[in-house]
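S.K.: Residue numbers (our numbering): 509 to 954.
Ideal Cβ placement from N, Cα and C applies to all residues, glycine included.
#1: Between residue 732 and residue 943, which are expected to be in contact by the criterion C-beta below 8 angstroms, what is the C-beta distance as a whole number of angstroms?
#2: Quick check: the region 728-746 against the region 782-792, are there 3 or more CB pairs under 8 angstroms?
#3: In whole angstroms, what separates the C-alpha of residue 692 from that of residue 686?
#4: My assumption, with CB atoms under 8 angstroms, is that residue 622 sits in contact with residue 553. Please give the rounded CB distance.
#5: Taking only three categories from DSSP, how would you classify residue 801?
#6: In angstroms, rounded to a whole number, what distance separates the CA positions of residue 799 and residue 741?
#7: Keeping to the same chain, check which residues put their C-beta closer than 6 angstroms to that of residue 746; ignore five residues upstream and five downstream.
#8: Measuring alpha carbon to alpha carbon, tell me which of 951, 551, 823 and 930 ends up nearest residue 872.
#9: Please give me, in chain order, every unbroken run of the alpha helix (DSSP H) with length at least 4 that falls completely inside the region 663-695.
#10: Rounded to the nearest angstrom, what separates residue 718 and residue 803 at their Cα positions?
#11: How would you call residue 883, buried or exposed, if buried means at least 16 neighbouring beta carbons within 10 angstroms?
#12: What would DSSP say about residue 928, mapped onto helix, strand or coil?
#13: Under a Cβ-count criterion, where at least 16 other Cβ atoms within 10 Å of its own Cβ denotes burial, should residue 760 be classed as buried or exposed?
#14: What is the DSSP secondary structure of residue 561, reduced to helix, strand or coil?
#15: Are there three or more Cβ pairs, one per stretch, closer than 8 angstroms when the region 831-841 is compared with the region 688-702?
#16: Please return the same chain residues whose Cβ sits closer than 7 angstroms to the Cβ of residue 814, not counting the five positions on each side in sequence.
#17: Residue 637 by DSSP, collapsed to three states: which one?
#18: Quick one: what does DSSP say residue 788 is sitting in, helix, strand or coil?
#19: If I'm right that residue 886 touches residue 668 with Cβ under 8 angstroms, what's the distance once you round it to whole angstroms?
#20: Cβ atoms of residue 916 and residue 734: under 9 angstroms apart, would you say?
#21: Taking DSSP as the reference, what is the three-state secondary structure of residue 611?
#22: Would DSSP call residue 584 helix, strand or coil?
#23: Between residue 935 and the rest of its own chain, which residues show a CB-CB distance below 6 angstroms, the 5 nearest in sequence each way excluded?
#24: Among 878, 950 and 857, which residue has its Cα nearest to the Cα of residue 550?
#25: Starting from residue 730, trace the beta strand (DSSP E) in both directions and tell me its first and last residue.
#26: Evaluate contact between the region 901-918 and the region 620-636, counting only Cβ atoms and requiring at least three cross-stretch pairs below 8 angstroms.
#27: Please check the pair residue 852 and residue 595, which I expect to be a contact at CB under 8 angstroms, by giving their CB distance rounded to whole angstroms.
#28: Take residue 530 and list the residues in its own chain whose beta-carbon comes closer than 8 angstroms to its own, dropping the five residues that flank it on each side.
#29: So, helix, strand or coil for residue 947, using DSSP?
#30: Can you tell me whether residue 587 is buried or exposed? The criterion is at least 16 other CB atoms within 10 Å of its CB, across all chains shown.
#31: Express the C-alpha separation of residue 927 and residue 918 in angstroms, rounding to a whole number.
This is the structure:
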C-alpha cells in the first residue's frame, strides 16, 4: 500500500528495468516491452490490428469535452499508457510520450481498427465516445484486458466526478485505492527455467466464407441474465466460463460443420489471466493461452457431450503447474542469449513465421473478462460493459464474455457475412432455457 501511495504522489516513477533521460525540461523514462508484447508490433497490420475495445455504457449522454479533461487528468498516473513505442537495435521499447496530448474523439469508424501512431500523437490507445458509451481501444502491446479495464475504470471515475461534482465531494478527486499502478513484468518475475515445450499445435478447423467489405467488422452482442447463466452452469457442475465456452464450440459444430465428422478439430483458444495464480497486480500483459480441442470423429454429438469435452480440457489445462510451464516456455525464447544478440530486423521475419505457423492450430478465441466491478457511489451511472476482440490470422470470428451487475454480454466479432455460428450458439442457449436479447452494429442488415 505504501508503494502504491508513493506512486500516486510522484506520478511517473523510476523502475528497476527502465532508465531515465532528459529532453529539455521533460524527464523521459524508457522501458522494455513485456514478454508477450514483443510479438504484437511484428504481426500488426490493417487486417490483423491486435487492437481490442472495452466499452462502458453510461446512464446519460457522454460530454466529449469533459471526457477529454478526464483523460488528461488521469493519464499521467498510468505509465503503461503514457508511452510511445520506439525501435531499438535488438527489441522494441517504450518511452514516455512527450509528443503532445491524446485527443478524445467521437466514434466514426468500425471498432478495433489499426492504431497508426503518427496519426494518434504516437499514443497506442484511443478514447472515443458515442451517445452514452465510452470506448477505450488498446493496442495489445500496452496491456491485456485486465490492465486496460484498470485504466478505463479510473478514467470513468474521473469523468463522472467532473460531470457530478457531488461525487468528488464524497470521494476526493484522487485515484481509487484499488487502482493498480504496478508495471512489473510478471512473466520475468515468475519465470522458472524448463526444458519442456509449452505448446503443441495440430491443424484446426478454420471458419471460412464470404467476408464483409474491407474494413468492416460485424459485431453481435447477446445479453443474458448473469444469475440465470450461473444457475444453468451450476446445474451441470460447471463454471460460467466452461459452460459458455462449451456452448460456443457447440455452436461452431452445428453452424459450421453442420454436425458432420471432421478430420480436423475445432480448437478454442482461451486466454487465462495469470494474476490470481501468481499474486500479481501488474497493469501490463500477464496472460497465457490454453487451447481446447474438440475432435468431431463420429456422426453426431449432442450438446451435453460437447460441454463435457470442453470442461474436461479446460480443467486439465488451467492449473498453476501447466501455466508455469507456459510462462517458462515463452520467456525462455526471450532469455536465449543467441536470440538476444540477433538484430531486430532479422528477428522480425523469424518471429512472424513462428506465429503464422502457430495460427494453423486455432479455430477461434473466447476471452472472459468477468464482472466489471465499480465502487457503489459510481454504480448508478454505469449500465453495462462490453468487449470486442479483433480478428486475427486464421480466426475470422472471436468471442468475449463480460458482465456488469446482473447483465452478462457475450459478444461475437466476425469478418464473415454468414451468421450461422452465432445463430446456432444463441439458439442453443435459448433451448437451454435462457433469455437472450440480441444487438448488432448493423452490418448484417445492409
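M.R.: Concretely, from the data shown:
#1: The count along the chain shown starts at 1 and reaches residue 732 at position 224. The count along the chain shown starts at 1 and reaches residue 943 at position 435. That pair is a contact at about 7 angstroms.
#2: Contact between the region 728-746 and the region 782-792 is absent, because fewer than three Cβ pairs lie under 8 angstroms.
#3: Residue 692 sits at position 184 when you count from the first residue of the chain shown. Residue 686 sits at position 178 when you count from the first residue of the chain shown. Residue 692 and residue 686: Cα-Cα distance of roughly 17 angstroms.
#4: Against the chain shown, residue 622 aligns to sequence position 114. Against the chain shown, residue 553 aligns to sequence position 45. That pair is a contact at about 7 angstroms.
#5: As a position in the chain shown, residue 801 is number 293, starting the count at 1. The answer is strand: DSSP assigns residue 801 an E or B state.
#6: For the purposes of this step, residue 799 is taken as the residue at position 291 of the chain shown. For the purposes of this step, residue 741 is taken as the residue at position 233 of the chain shown. If you take the alpha carbons of residue 799 and residue 741, they lie about 21 angstroms apart.
#7: Locating residue 746 in the chain shown gives position 238, where the first residue counts as 1. 819, listed in sequence order.
#8: Counting from one through the chain shown, the residue named residue 872 turns up at place 364. The residue with the shortest Cα to Cα distance from residue 872 is 930.
#9: 673-679
#10: Position 210 of the chain shown holds residue 718. Position 295 of the chain shown holds residue 803. Computed Cα separation, rounded: 25 angstroms.
#11: Here residue 883 refers to the residue found at position 375 when the chain shown is read from its first residue. If you draw a 10 Å sphere on the C-beta of residue 883, you find fewer than 16 other C-beta atoms in it, and that means exposed.
#12: Sequence index remark: in the chain shown, residue 928 carries index 420 (1-based). Secondary structure of residue 928 (DSSP, three-state): helix.
#13: Counting from one through the chain shown, the residue named residue 760 turns up at place 252. That one is buried.
#14: Start at 1 with the first residue of the chain shown, and residue 561 comes out as number 53. Here residue 561 sits in strand by DSSP.
#15: yes
#16: To locate residue 814, count along the chain shown from 1; it is residue 306. Within the same chain, residue 814 has close Cβ partners 754, 757, 758, 761 and 802.
#17: Within the chain shown, numbered from 1, the residue matching residue 637 stands at position 129. It is a strand residue.
#18: In the chain shown, residue 788 corresponds to position 280, counting from 1. Residue state for residue 788 is assigned as coil, using DSSP reduced to three classes.
#19: Taking the chain shown and counting its residues from 1, the one referred to as residue 886 is at position 378. Taking the chain shown and counting its residues from 1, the one referred to as residue 668 is at position 160. Right, the Cβ-Cβ distance comes to about 6 angstroms (below 8 angstroms), so this counts as a contact.
#20: Counting from one through the chain shown, the residue named residue 734 turns up at place 226. Counting from one through the chain shown, the residue named residue 916 turns up at place 408. Yes, the pair counts as a contact, with Cβ atoms nearer than the cut-off.
#21: Sequence index remark: in the chain shown, residue 611 carries index 103 (1-based). Reduced to three states, the DSSP call for residue 611 is coil.
#22: The count along the chain shown starts at 1 and reaches residue 584 at position 76. The three-state secondary structure of residue 584, taken from DSSP, is helix.
#23: Here residue 935 corresponds to residue number 427 of the chain shown, with the count starting at 1. There are no such residues.
#24: The residue labelled residue 550 in the question sits at position 42 within the chain shown. Per the Cα distances, 857.
#25: The residue labelled residue 730 in the question sits at position 222 within the chain shown. Taken as a continuous stretch (DSSP letters only), the beta strand (DSSP E) holding residue 730 covers 726-733.
#26: no
#27: Counting from 1 along the chain shown, the entry for residue 852 is found at position 344. Counting from 1 along the chain shown, the entry for residue 595 is found at position 87. Contact holds; Cβ gap of about 7 angstroms.
#28: Taking the first residue of the chain shown as position 1, residue 530 is located at position 22. With a pLDDT of only 40 at residue 530, under 50, the local geometry of the prediction cannot be trusted, and no value is derived from it.
#29: Counted from its first residue, the chain shown places residue 947 at position 439. Note: residue 947 maps to strand in three-state DSSP.
#30: Counted from its first residue, the chain shown places residue 587 at position 79. Answer is buried; the Cβ neighbour count reaches 16.
#31: Residue mapping note: residue 918 aligns to position 410 of the chain shown, counting from 1. Residue mapping note: residue 927 aligns to position 419 of the chain shown, counting from 1. Take the alpha-carbon of residue 918 and the one of residue 927: they are about 15 angstroms apart.
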